[in-house]
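Asks: Supplied in structure tokens, the structure appears directly below.
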Ligand code: NAP
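Residue numbers (the working numbering): 79 to 593.
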């Protein structure tokens, strides 16, 4: 059995106790173990602060961008090997593993490309400057400089490659060293990614460290120039946010938590139309891609009363084509859930939704996987529910089932009703609207925009190019208000804000401009 290592203080570290096991979700067999027991956390922080930080800050944006390009290329060159590991460790299909890996290399590549527009500079300028008095002599301007601390990144299990890479891309480009902690259950993939990057000799000493296992005392040692960027469940987010040291030091904390994302069909979209087909295709994909273990997956499907039967029928027909099983079997379109715990949670979650909704497709129970040993593996087929009474749906707006599960909720067709129903989840990462009616969409944006981080507007005019609401493209911000964590990642240069301090300069125009 493989023992996973941490990469700290410029070398690989192997623990000798307090291990947690990693499993193959298809067979349930133990495939690796991980622990960070014994890592000298103070030394890790010192290494980042004394070596990684100064080395990165001495580089220009262009030079840091070259580091990201190198990381992207090195990971891409090992794509096949990483896909194989992802199948073994997380049970994803080749396509779903590629979604994670190509997301990682694509995001690193995108930020490398962005660095070209920033050039040979170390400071970002936020505006063009302005006179602060009657004449130009007293001048003001906002600039951004990198924080002098470290970025601690804690990631969820579902994107073992993209998760660490999208966070690292922004921190490293901003000039801040990273200490990255993967979710233990899927760390086999992340550990290999880090090994590849270290072997390629791309990054300066101390710029990127990898803590495989628990964070130990790390969060209690962070200070005012440090950043914690967390992705995971709302429960863990709450626990970490309340850490006394983080509150006392005012270290920056960015939370990407769970989200009851919604897809909304507007009443202008007739059954049989192209936009209706797009809606069905998108919702089915967003339910089943990565076995529904995506923070951006659709959990709630809002449909005008008159369309509810047609949507139920069309979605059921589409989901029936999703073969669940061993990703190594060619007929399989959806793999198992990642861990035994996720399977348990999905089953109990559907039971909870069952209080107010009926299962109209699937079983909400474990199934035997095609191409896998009967009774083995964490298989769970697509499950579609329908709210019994749209006035009694609170649990659907509160409980995230992190699997291929979504619930149809009929509404009266007005943009106002849709916006207020979607808002009952108290903040989402993404809402997708399907409509050809600009006025309907505009009303939704006015009333519902404040409750989500991203609106995906599905229509016939973008259907040939739209990638679906589940992709967190680096150009657009990722993160949503309220329950979704209140965080913001990516979004082009906005992604660097978390790692930089904005400074208002006030002084003689020639001096301010020379900076
Ligand atoms: P999780 O159980 O909250 O774990 C997330 C991370 O936090 C893991 O690395 C975990 O480490 C770590 N962790 C747990 N307790 C900790 C503590 N006391 N101190 C420091 N670190 C701690 O979430 P998950 O099961 O991995 O991921 C699924 C959830 O993530 C879902 O709810 C999903 O919606 C959400 N998610 C959100 C986004 C987003 O961008 N908004 C993206 C992906 C997933 P161990 O694994 O070692 O326990």
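We put the beta carbon where it would ideally sit given N, CA and C, even for glycine.
#1: Residue 480 by DSSP, collapsed to three states: which one?
#2: Beta carbon of residue 132, beta carbon of residue 178: below 8 Å?
#3: Three-state secondary structure (DSSP) at residue 366?
#4: If you measure from the CB of residue 373, is any heavy atom of the ligand NAP nearer than 7 Å?
#5: Can you name, in chain order, every residue of its own chain whose Cβ lies under 8 Å from the Cβ of residue 393, other than the five neighbours on each side?
#6: Any heavy atom of the ligand NAP inside 7 Å of the beta-carbon of residue 233?
#7: Which residue comes first and which comes last in the alpha helix (DSSP H) that contains residue 430?
#8: Checking 8 Å against the spacing of the C-beta atoms, do residue 196 and residue 140 come in under that value?
#9: From the DSSP output, in three-state form, read off residue 595 for me.
#10: Cβ-heavy atom distance between residue 114 and the ligand NAP below 7 Å?
#11: Tell me, which residues are paired with residue 199 by DSSP?
#12: Looking at the unbroken alpha helix (DSSP H) that takes in residue 522, where does it start and where does it end?
#13: Given a cut-off of 8 Å, decide if residue 221 and residue 203 are closer than it, judged by their beta-carbon atoms.
#14: Going by DSSP in three states, residue 273 sits in which element: helix, strand or coil?
#15: If you compare alpha carbons, which of 385, 364, 381, 382 is closest to residue 374?
#16: Just curious, the beta strand (DSSP E) that residue 468 is in, first and last residue?
#17: Is residue 318 near the ligand NAP, with its Cβ less than 7 Å from a heavy atom?
#18: In terms of alpha-carbon separation, which member of 528, 580, 172, 489 lies closest to residue 504?
#19: Measure the C-alpha to C-alpha separation of residue 424 and residue 286 and round it to an integer number of angstroms.
#20: By DSSP, does residue 313 sit in helix, in strand, or in coil?
#21: Using a Cβ-Cβ cutoff of less than 7 Å, which residues in the same chain neighbour residue 301 once the five nearest sequence positions on both sides are dropped?
#22: Count Cβ pairs between the stretch 333-343 and the stretch 559-569 that sit closer than 8 Å; are there 3 or more?
#23: Name the DSSP bridge partner or partners of residue 488?
#24: Can you give the Cα-Cα distance for residue 291 and residue 381, rounded to whole angstroms?
#25: Can you tell which of 234, 490, 247 has the C-alpha that lies nearest to the C-alpha of residue 134?
#26: Count the C-beta pairs between the stretch 209-217 and the stretch 146-164 that are closer than 8 Å, then say yes if the count reaches three, no if not.
#27: Look at the alpha carbon of residue 401 and the alpha carbon of residue 199, and state the distance between them as a whole number of angstroms.
#28: What are the complete beta strand (DSSP E) segments, minimum 3 residues, inside the stretch 212-255?
#29: So for residue 262, helix, strand or coil by DSSP?
#30: For residue 97, which of 129, 242, 146, 265 has the nearest alpha-carbon?
#31: DSSP three-state label for residue 436, please.
#32: Considering only heavy atoms of the ligand NAP, does any lie closer than 7 Å to the CB of residue 336?
#33: Would you check if the stretch 485-501 and the stretch 349-356 touch, i.e. whether three or more CB-CB distances between them fall below 8 Å?
#34: Looking only at its chain, what residues have a beta carbon closer than 6 Å to the beta carbon of residue 90, apart from the 5 residues adjacent to it on each side?
#35: Closer than 7 Å by C-beta to residue 580: which residues in its own chain qualify, once you throw out the five before and the five after it? Chain order, please.
#36: Do the stretch 405-421 and the stretch 438-457 meet, that is, are 3 or more Cβ pairs less than 8 Å apart?
Replies: A quick look at the data gives this:
#1: coil
#2: no
#3: helix
#4: In this structure, residue 373 has its beta carbon less than 7 Å from a heavy atom of the ligand NAP.
#5: 358, 361, 362, 379, 439, 462, 486
#6: For residue 233, the shortest C-beta to heavy atom distance toward the ligand NAP is below 7 Å.
#7: Unbroken alpha helix (DSSP H) run through residue 430: 418-431.
#8: yes
#9: For residue 595 there is no data in the structure shown, the boundaries of the chain being 79 and 593.
#10: no
#11: DSSP output for residue 199 lists no bridge partner at all.
#12: 516-526
#13: yes
#14: Residue 273 falls in the helix class under three-state DSSP.
#15: 364
#16: Careful: residue 468 lies outside any beta strand (DSSP E) and carries neither H nor E.
#17: Yes, since a heavy atom of the ligand NAP falls inside the 7 Å radius drawn around the Cβ of residue 318.
#18: 528
#19: 35 Å
#20: helix
#21: 227, 327, 329
#22: yes
#23: BP columns for residue 488 point to 381.
#24: 43 Å
#25: 247
#26: No, they do not touch.
#27: 52 Å
#28: 216-224, 229-232
#29: helix
#30: 265
#31: strand
#32: Relative to the ligand NAP, the nearest heavy atom lies less than 7 Å away from the CB of residue 336.
#33: no
#34: 83
#35: 204, 220, 222, listed in sequence order.
#36: yes
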